[in-house]
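Residue numbers (our numbering): 2 to 139. Heads up: the structure comes next, in structure tokens.
This is the structure we're talking about:
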């Protein structure tokens with residue numbers, strides 16, 4: 002396990018993020034920061050359903066996001082797919098990140114870890130949730 006990619010958020014911390022997000026939704030549209038923080042917390046959950054929700058939120062953030070923030074979204078999409086054991090998807094996002102930033106140490110470490118897990122045969126495919134469009138970081 003790699004603490005940077007496999008660390009789990011404390012349930013009480015995730016509950017705080019969820020309450021903030023829910024309150025922001027009730028008051029209108031939550032800010033990008035609020036959405037980002039909640040999605041980040043969901044990716045760090047021990048439950049696959051939460052992680053999937055976090056991945057979906059990061060996809061939404063990336064789709065309507067600021068191009069300057071796209072790098073972060075791509076990175077966290079790679080992490081989320083890694084945590085779901087959807088390694089082919091994780092490699093697509095890591096590849097996009099490394100194409101934009103070839104020396105990115107986080108991306109290089111994640112790429113190495115994903116390939117190692119793939120070689121051990123630890124994969125899980127969910128064809129409903131896959132993303133096939135090319136990923137670009139401006």
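The beta carbon of each residue, even a glycine, is placed where N, CA and C say it ideally should be.
DSSP-derived helix/strand/coil call for residue 85: Correct three-state label for residue 85: coil.
Mapping DSSP to helix, strand and coil, what is residue 12? Three-state DSSP puts residue 12 in a helix.
Between residue 130 and residue 116, what straight-line distance do the alpha-carbon atoms span, to the nearest angstrom? Note that residue 130 has pLDDT 42, beneath the 50 cutoff, so the model's placement of it is unreliable and no number is given.
Counted within 10 angstroms of its Cβ, other Cβ atoms place residue 5 as buried (16 or more) or exposed: When all chains shown are included, residue 5 counts as exposed.
Tell me the rounded alpha-carbon separation between residue 22 and residue 34. If I take the Cα positions, the gap works out to 10 Å.
Against chain D, does residue 11 count as a neighbour if the rule is that its beta carbon must be under 8 Å from one of theirs? The displayed structure is made up of one protein chain only, and chain D is not part of it.
Inter-residue Cα distance where the pair is residue 41 and residue 55: Per the coordinates, the alpha-carbon of residue 41 lies some 7 Å from the alpha-carbon of residue 55.
Hey, would you say residue 45 sits closer than 8 Å to residue 3, going by beta carbons? For residue 45 and residue 3, no; Cβs fall outside 8 Å.
Please classify residue 82: is it buried, with 16 or more other beta-carbons within 10 angstroms of its beta-carbon, or exposed? In this structure residue 82 is buried. Its beta-carbon is surrounded by 16 or more other beta-carbon atoms within 10 angstroms.
What did DSSP end up calling residue 45 once you bin it into helix, strand or coil? Judged by DSSP in its simplified three-state form, residue 45 adopts coil rather than helix or strand.
Quick one: grab the DSSP three-state call for residue 105. Here residue 105 carries a coil assignment [DSSP, helix/strand/coil].
Rounded to the nearest angstrom, what separates residue 70 and residue 122 at their Cα positions? Taking the CA atoms as reference points, residue 70 sits about 33 Å from residue 122.
Look at residue 75 and residue 58 and say whether their C-beta atoms are less than 8 Å apart. Contact: no.
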